[in-house]
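Notes follow the structure.
In the numbering used here, the protein residues as written are 144 to 1041.
The structure is reproduced here in structure tokens:
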């Protein structure tokens, strides 16, 4: 748009420009004369190419123009629309015969050097610069200044700052040529809230009910947490419609808003809203008939509508039963037809008769022809191979159209983890009702799937360092293809993970690989892993690295191979998984807790079977619906049934008797006890000088020898159950509810419960360096493993040491709200309530003896680093062996979820 100065120049030139030439070149004003342009020259220096400017003005050498005429005026307008120049003037230099020489005098608008913001936080500046494109070199004109000012004011108004004032000044930059610096001063003032929402004319429905119907326009209430009081005009208009919808839900079909007003109270610095309503009469449903339905009978459709004659009229419910726009997989008549091929169906509810307070309806159904998927394509997968995506698609060419399959496909693609689940967009193309076909094009946005875990932390009295690499879209078949290394062969959906973790008292190395479509024909996942860990005996609670004894160690070698198959019955959300694992435990002078045998080996061969149903969606990082149920069992071989060993009498056998190896002492009976003698009991604080016995028959059994034989080959079974639900509460707010249960049992009670594979409850799960086969169960608000059973016998030399739990349960409720779900980083905040506990055996198990906690947290998922987070939890109860409540605890989350 041309400014006033430019317009004045144009007007002046058109009227009197010819008076500025010599008398002999004067142009008559009574009518325009035609001339041929001989040359157009710029009279001042600009940063743009001279010929480019002249060409864009539409004036060329040899062109015939009329002076005065439209050509000059049009040239000025064209240059003005560029928004690059401030003053544009054409002058006649000279006229020779029918040739004219023109001079173009233009003043170039300044360019932006730098911009500074005053009155806003530093972390907000970059977003304002980006949103308004205030980049260096940007041409500064009145339009830029006006649009920037309006954008900032409107932005703050949306957040309730209605008195926001923005002042933009430009200052000439003396260090550059034709540059200016921009200073943006923002005074957002105080946030203006709504102190009153008053309804007039309502006698049937209360003010409180109507205010509740307004989801985004709320009056001030200090109790409300998740919805602030602020006025946004567009949301306010939507809320007025929701007020009418609230009336329709209660039978008042004719309810309407007569008038409404929004006034600013200067004294209270707040808004007052008054809404004048007319309620009308209350109505009831009459007869509901179906017309045009040939596929489904009336009684079947009536069950879906769920409305009976004589019930209070509810227009909102009727609309949802016809087509629920809030749920893509809603149980309504439209989805019923669309899930069975009737893409072109059209269903409307029509009022046909109103008698007194009763309304009769006709549900008019135009079923249309059956539709079939024709061409199915995928675009946007730059790294992932087509076959990895196509094998997950539920929409197949030639099959009957189904909206349900379309929604399921979106979920399956999102669950792959290779694409931004929020950006999956199925586009309908070539929709042909005549042919009964439709093409679907899935538009995807690839995101980084590989992750690096590099962390250092303090735990268990020392520094822990971790390096992890995870390639979640690996391609093993291209390992020998040099061209596929970018930097590694990717695109086949396989996963390779390498993890190294070490500190002064432990080391662990692990490598795993999984192929989700083993054999490439069916969804059967093959997985294998290999790990090795070495742990030194240490006192975790001393807080000193000097407590580590590297002469006492515990080594574990683990190998696992598994298969997981997607089932079709009861439905294809079920997965049956099976695996076989082997663990070799090697103890070298490692006496602590349950390990009565400090020297020796144990072997663990186990078969694990589990069934899982998972229909969470769409985003695996932030599910908004669905659930996951899993039941797993881990079983060793029942060795005691086949090896012929009587484990009840192991302590009676001579080779398992305790032989004294300390210094000589005099027993209570006066006999001297020397090294190598049998004794009646093992020396302890209760009985430090047990008497000598002359034969092994009356001698005490050695627990380490007995346990070494009991647990040479581990015999046990382990059952775990987990249920995880996700429910959208309101808007983007999601409720997650979780329950877990675990039990470790023994086939042979004489053999007893194994000291491995136990549950350690409490904390954030980061203390998994104690690799004695334990399973860490996180429970926030308490220190790591602090809710685990301990040895409570004060006469036992191992008093206070953790022995692990054989049974536990846990319950959790979590409210989640997404801050951003972009592919570069997904961030959400959460608040939680948790309760759980663990028990030494089933006899002491009490599902109601729970340790409770509550808190808040934050999660950040970045494709390159995985899931990161922090939680602040408050434990309301005392940890095991303690008397004071746990209080506030800080938990750092890396790579795992609760």
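In this text, a Cβ means the ideal position worked out from N, Cα and C, and glycines have one as well. It should be emphasised that the depicted structure is a prediction, and the values quoted were computed from it without experimental measurement.
#1: Short check: CB of residue 859 to CB of residue 839, under 8 Å?
#2: According to DSSP, simplified to helix, strand and coil, what is residue 803?
#3: Between the Cα of residue 241 and those of 230, 234, 215 and 180, spot the shortest distance and give me the residue it belongs to.
#4: Jot down the residue ranges of each uninterrupted beta strand (DSSP E) in the stretch 473 to 518, minimum 3 residues, whole runs only, in chain order.
#5: Would the stretch 745 to 765 count as touching the stretch 550 to 561 if we require 3 or more Cβ pairs under 8 Å?
#6: Using 8 Å as the threshold, is the C-beta distance between residue 655 and residue 676 below it?
#7: How is residue 587 classed by DSSP in three states: helix, strand or coil?
#8: Which residue's Cα is closest to the Cα of residue 864: 881, 871 and 848?
#9: Hey, how far is the Cα of residue 971 from the Cα of residue 766?
#10: Go ahead and label residue 261 buried or exposed: buried means 16 or more other beta carbons lie within 10 angstroms of its beta carbon, across all protein chains shown.
#11: Can at least three beta-carbon pairs, one atom from the stretch 478 to 491 and one from the stretch 450 to 461, be found at a separation below 8 Å?
#12: Using 8 Å as the Cβ pair cut-off and three pairs as the minimum, do the stretch 378 to 393 and the stretch 317 to 325 touch?
#13: Just reading off the beta strand (DSSP E) that residue 906 is part of, what are its end residues?
#14: Using 10 angstroms around the beta-carbon of residue 533, count the other beta-carbons present and answer buried if the total reaches 16, otherwise exposed.
#15: Look at the Cβ atom of residue 139, then the Cβ atom of residue 590, and state whether they are nearer than 8 Å.
#16: For residue 627, I'd like the list of residues in its chain whose CB is within less than 6 Å of its CB, leaving aside the five on either flank, ordered along the chain.
#17: Are three or more beta carbon pairs between the stretch 565 to 580 and the stretch 691 to 704 nearer than 8 Å?
#18: Considering residue 274, what are the terminal residues of the alpha helix (DSSP H) in which it resides?
#19: Quick check on residue 214: does DSSP put it in helix, strand or coil?
#20: Measure the CB-CB distance between residue 890 and residue 781 and report whether it falls below 8 Å.
#21: Report, in whole angstroms, the separation of the C-beta atoms of residue 546 and residue 482, which I expect to be a contact under 8 Å.
#22: Along the chain, where does the alpha helix (DSSP H) containing residue 850 start, and where does it finish?
#23: Please return the same chain residues whose Cβ sits closer than 6 Å to the Cβ of residue 185, not counting the five positions on each side in sequence.
#24: Between residue 226 and residue 286, how many whole angstroms is the CB-CB distance? I'm expecting something under 8 Å.
#25: What are the start and end residues of the alpha helix (DSSP H) that includes residue 441?
#26: Return yes when the Cβ of residue 833 is within less than 8 Å of the Cβ of residue 810, no when it is not.
#27: Out of 338, 856 and 365, which has the shortest C-alpha to C-alpha gap to residue 786?
#28: Go to residue 877, then tell me how far its beta strand (DSSP E) extends in each direction, as first and last residue.
#29: Decide if the stretch 869 to 879 is in contact with the stretch 814 to 830; the criterion is three or more beta carbon pairs, one per stretch, under 8 Å apart.
#30: Can you give me the C-alpha to C-alpha distance between residue 797 and residue 721, rounded to a whole angstrom?
#31: Got a sec? Which residues, its chain only, sit under 6 Å from residue 724 by beta carbon, not counting five neighbours each side?
#32: Taking the alpha helix (DSSP H) that residue 557 belongs to, which residues open and close that run?
#33: Please report how far the alpha carbon of residue 775 lies from the alpha carbon of residue 982, in whole angstroms.
#34: Sorted by chain position, which residues of the same chain lie with C-beta nearer than 6 Å to residue 912's C-beta, five sequence neighbours on each side aside?
#35: Thinking C-alpha only, which one of 1002, 613 and 218 is nearest residue 631?
#36: From the DSSP output, read off the bridge partner residues of residue 925.
Walking through what the data contain:
#1: Translated into positions along the chain shown, residue 859 becomes position 716. Translated into positions along the chain shown, residue 839 becomes position 696. In this structure, residue 839 does not lie closer than 8 Å to residue 859 by Cβ.
#2: Numbered from its first residue, the chain shown carries residue 803 at position 660. In this structure, residue 803 counts as coil in the three-state DSSP scheme.
#3: Your numbering for residue 241 matches position 98 in the chain shown. That would be 180, whose Cα lies nearest to the Cα of residue 241.
#4: 489 to 498 and 501 to 509
#5: yes
#6: In the chain shown, residue 655 corresponds to position 512, counting from 1. In the chain shown, residue 676 corresponds to position 533, counting from 1. Against a cut-off of 8 Å, the Cβ pair of residue 676 and residue 655 comes out as no contact.
#7: Within the chain shown, residue 587 is the residue found at index 444, counting from 1. Residue 587 falls in the coil class under three-state DSSP.
#8: Residue numbering aside, residue 864 sits at position 721 when the chain shown is read from its first letter. The option with the nearest alpha carbon to residue 864 is 881.
#9: Taking the first residue of the chain shown as position 1, residue 971 is located at position 828. Taking the first residue of the chain shown as position 1, residue 766 is located at position 623. If you take the alpha carbons of residue 971 and residue 766, they lie about 11 Å apart.
#10: Here residue 261 refers to the residue found at position 118 of the chain shown. Per the 10 Å Cβ criterion, exposed.
#11: no
#12: no
#13: For the purposes of this step, residue 906 is taken as residue 763 along the chain shown, with counting starting at 1. It is not in any beta strand (DSSP E) - residue 906 carries neither H nor E in the DSSP assignment.
#14: For the purposes of this step, residue 533 is identified with residue 390 of the chain shown, where counting begins at 1. With fewer than 16 other Cβ atoms within 10 Å, it is exposed.
#15: Residue numbering for the chain in the displayed model covers 144 to 1041; residue 139 lies beyond these limits and cannot be assessed.
#16: For the purposes of this step, residue 627 is taken as the residue at position 484 of the chain shown. Contacts found: 621.
#17: no
#18: The residue you call residue 274 lines up with position 131 of the chain shown. Unbroken alpha helix (DSSP H) run through residue 274: 265 to 274.
#19: For the purposes of this step, residue 214 is identified with residue 71 of the chain shown, where counting begins at 1. If DSSP states are grouped into helix, strand and coil, residue 214 belongs with the helices.
#20: Residue numbering aside, residue 890 sits at position 747 when the chain shown is read from its first letter. Residue numbering aside, residue 781 sits at position 638 when the chain shown is read from its first letter. In this structure, residue 781 lies closer than 8 Å to residue 890 by Cβ.
#21: Stepping through the chain shown from its first residue, residue 546 is reached at position 403. Stepping through the chain shown from its first residue, residue 482 is reached at position 339. Going by Cβ atoms, the distance from residue 546 to residue 482 rounds to 5 Å, so yes, they are a contact pair.
#22: Along the chain shown, read from residue 1 onward, the residue named residue 850 stands at position 707. It spans 846 to 853 - the alpha helix (DSSP H) in which residue 850 sits, taken as one unbroken run.
#23: Within the chain shown, residue 185 is the residue found at index 42, counting from 1. So the qualifying residues of the chain are 193 and 247.
#24: Position 83 of the chain shown, counted from the first residue, corresponds to residue 226. Position 143 of the chain shown, counted from the first residue, corresponds to residue 286. Correct: roughly 6 Å between the Cβ atoms.
#25: Residue 441 sits at position 298 when you count from the first residue of the chain shown. Its alpha helix (DSSP H) spans residues 441 to 448.
#26: The residue labelled residue 810 in the question sits at position 667 within the chain shown. The residue labelled residue 833 in the question sits at position 690 within the chain shown. Yes, the Cβ-Cβ distance between residue 810 and residue 833 is below 8 Å.
#27: As a first step, residue 786 must be located in the chain shown, where it is residue number 643. Looking at the Cα atoms, 856 is the closest of the given residues.
#28: As a position in the chain shown, residue 877 is number 734, starting the count at 1. Per DSSP, residue 877 belongs to the beta strand (DSSP E) from 876 to 888.
#29: no
#30: Counting from one through the chain shown, the residue named residue 797 turns up at place 654. Counting from one through the chain shown, the residue named residue 721 turns up at place 578. When rounded, the distance between both Cα atoms is 42 Å.
#31: Numbered from 1 along the chain shown, position 581 holds the residue referred to as residue 724. Closer than 6 Å at the Cβ level, and outside the excluded window around residue 724, lie 703 and 749.
#32: Taking the first residue of the chain shown as position 1, residue 557 is located at position 414. Taken as a continuous stretch (DSSP letters only), the alpha helix (DSSP H) holding residue 557 covers 546 to 559.
#33: Indexing the chain shown from 1 puts residue 775 at position 632. Indexing the chain shown from 1 puts residue 982 at position 839. Approximately 20 Å between the Cα atoms of the pair.
#34: Position 769 of the chain shown holds residue 912. Reliability of the predicted coordinates at residue 912 is poor, the pLDDT of 48 falling under 50, and the value obtained from them is presented with this limitation in mind. If we look at residue 912 and ignore the five residues flanking it on each side, its Cβ neighbours are 649.
#35: Residue mapping note: residue 631 aligns to position 488 of the chain shown, counting from 1. Ranking the options by Cα distance to residue 631, first place goes to 613.
#36: Reading the chain shown from its first residue, position 782 is the one you call residue 925. None, per the DSSP bridge assignment.
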